[in-house]
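S.K.:
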Amino acid sequence: MEQLQELVMIMNSLANTRYTSLCLKVVGIILIVSSLLDFITLSIPLKLSQTSWQLQFVNNVVDRGIVPLIGIVLFLIGWWITNTQLEEVPRKNHIDRRFPFLVFAVVLGMCYLAVIPIHLSNINDIRRTALVKINRQAEESEARIQSEYSQIQKFLSAPQSSTKVTEALRQTDQILNSSQELSEEQRLQLEQNRRRLEDYKKYVTQPGLLEEDLAGMQSRLDAAKLEKITEANLESIKQGVRIGLNSLLLSIAYSVLGWFGLKNVIKAKTKSRASVQ
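Number 234 in this note's numbering belongs to position 210 of the sequence shown; there are no gaps in the numbering.
Rendered as structure tokens:
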């Protein structure tokens with residue numbers, strides 16, 4: 025009776041072990057297939073010639089790179105349980121079930137290693153494009169400031185500029201304070217003109233103030249340009265380091281798992297052939 029109970033316990037244990045092994049294999053395969061479908065979906069539509077598409081695709085693939093790794097590991101654990109705990113002997117001339125998963129790991133390892141220089145090159149291209157855009161915007165702003173400065177200088181150098189400013193201010197205030205109906209756009213335009221005339225009046229009474237304002241605007245423009253350049257450089261460094269290091273770690277993990285696994289498979293195959301002979 026005791027022997028029967030022990031036999032039942034052993035059978036239950038084997039059944040549980042077999043179930044655990046099957047679950048690990050199934051979950052591992054599902055994770056691998058799901059990640060492959062995810063990678064394919066992320067690549068659609070293909071725009072291989074576009075740097076921005078390459079950058080986004082590599083970011084997504086690296087961020088999801090741990091999923092197939094977990095799937096491969098789960099399958100290998102399930103295989104190990106089947107072939108060690110259950111002591112199942114592989115059939116002769118039968119391909120080791122680990123082989124395609126280990127080859128897949130090696131391929132992914134090489135892919136993640138290959139995308140590192142490509143990603144860094146794309147990051148550098150985007151950084152250069154951003155810097156060109158920042159410099160162009162700064163040049164346009166500087167040209168606009170210089171144009172306004174020249175207009176003000178021309179106005180101030182004209183005869184009776186103070187009288188003209190005072191008269192223009194008086195007329196503007198008269199329109200704003202009158203009962204005349206004005207649209208919102210007209211009122212905003214008049215208020216903007218009035219502020220500009222007030223600035224002209226200050227420049228007439230204080231000739232050195234124009235140069236001070238010009239220097240202040242130029243200083244703020246240079247500070248804003250420097251801030252944008254710093255942000256662009258910092259963002260490119262962050263992206264390069266994050267994706268580059270993650271891709272390198274994934275490459276190492278996949279390569280170690282794949283190469284050592286294939287080495288064990290070949291070693292086991294060699295031992296099996298030697299024992300048969």
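We treat Cβ as the ideally placed atom computed from N, Cα and C, and that holds for glycine.
Every value quoted in this text rests on a predicted model; they were computed, and no experiment measured them.
Taking the alpha carbon of ASN146 as the point to measure from, which residue in GLN263, VAL289 and TRP103 has its own alpha carbon closest?
M.R.: Looking at the Cα atoms, GLN263 is the closest of the given residues.
S.K.: Give me the Cβ distance between ILE158 and ILE253, rounded to the nearest whole Å; I'm assuming they're in contact under 8 Å.
M.R.: Right, their Cβ atoms sit about 6 Å apart.
S.K.: How many angstroms separate the CA atom of GLU208 from the CA atom of ALA239?
M.R.: Spanning the two alpha carbons is a distance of roughly 34 Å.
S.K.: What separation, rounded to the nearest whole angstrom, lies between the Cα atoms of ILE140 and ASP237?
M.R.: Whole-angstrom Cα-Cα distance: 48 Å.
S.K.: VAL32 to ASN84, Cα distance in whole Å?
M.R.: Annotation note: pLDDT 43 at VAL32 (below 50); position unreliable, no value reported.
S.K.: Nearest by alpha-carbon distance to SER20: which of PRO92, THR75 and LEU72 is it?
M.R.: With the chain represented from 25 up to 301, any question about residue 20 goes unanswered, as that position is not in the structure.
S.K.: Could you tell me the alpha carbon to alpha carbon distance between ARG42 and ILE101, rounded to whole angstroms?
M.R.: Approximately 12 Å, taken between the alpha carbons.
S.K.: Exposed or buried, what is THR108 when buried is set at 16 or more other beta-carbons lying within 10 Å of its beta-carbon?
M.R.: By the neighbour-count rule (16 or more Cβ atoms within 10 Å), THR108 is not buried but exposed.
S.K.: Using a 10 Å radius around the Cβ and a threshold of 16 neighbouring Cβ atoms, would you call ALA167 buried or exposed?
M.R.: Exposed, by the Cβ-count rule.
S.K.: For my contact list, PHE99 and ILE53 are in at a C-beta cut-off of 8 Å; report their separation, rounded to the angstrom.
M.R.: At roughly 6 Å, the Cβ-Cβ gap stays under 8 Å, so PHE99 and ILE53 are in contact.
S.K.: Can you confirm whether LEU55, when its beta carbon is compared against all beta carbons of chain B, has any partner nearer than 8 Å?
M.R.: This model lacks chain B altogether; it includes just one protein chain.
S.K.: Quick one: is VAL280 buried, meaning 16 or more other Cβ sit within 10 Å of its Cβ, or exposed?
M.R.: Answer is exposed; the Cβ neighbour count stays below 16.
S.K.: In three-state terms, what does DSSP make of ASP120?
M.R.: Residue state, collapsed to three classes: coil.
S.K.: Which of helix, strand or coil does DSSP assign to SER260?
M.R.: Of the three classes helix, strand and coil, the one that applies to SER260 here is helix, per DSSP.
S.K.: Since THR75 is in the alpha helix (DSSP H), which residue starts that stretch and which ends it?
M.R.: It spans 75-87 - the alpha helix (DSSP H) in which THR75 sits, taken as one unbroken run.
S.K.: Which same chain residues end up closer than 8 Å to ALA256 when comparing Cβ atoms and leaving out the 5 residues on each side of it in sequence?
M.R.: So the qualifying residues of the chain are ARG151, ALA154, LEU155 and ILE158.
S.K.: Would you call ASP87 buried or exposed, if buried means 16 or more other Cβ atoms sit within 10 Å of its Cβ?
M.R.: ASP87 is exposed by the Cβ-count criterion.
S.K.: Indicate the three-state DSSP secondary structure (helix, strand or coil) for SER279 in the structure shown.
M.R.: Residue state, collapsed to three classes: helix.
S.K.: Where does LYS291 sit, in a helix, a strand or coil, going by DSSP?
M.R.: In this structure, LYS291 counts as helix in the three-state DSSP scheme.
S.K.: In chain order, what residues of the same chain lie with their CB nearer than 6 Å to the CB of GLN78, ignoring the 5 residues before and after it?
M.R.: Same-chain partners within the cutoff: ASN146.
S.K.: Near ASN270, what residues of its chain come up, given a Cβ to Cβ distance below 6 Å and the 5 sequence neighbours on each side ignored?
M.R.: Excluding residues within five positions, the ones whose Cβ falls inside 6 Å are VAL86.
S.K.: Closer than 6 Å by C-beta to ASP120: which residues in its own chain qualify, once you throw out the five before and the five after it? Chain order, please.
M.R.: VAL289, listed in sequence order.
S.K.: Between which two residues does the alpha helix (DSSP H) harbouring PRO92 extend?
M.R.: Looking at the DSSP string, the run of the alpha helix (DSSP H) that includes PRO92 is 90-104.
S.K.: Between the Cα of SER165 and those of GLY89, LYS249 and ILE90, spot the shortest distance and give me the residue it belongs to.
M.R.: Measuring from the Cα of SER165, the nearest candidate turns out to be LYS249.
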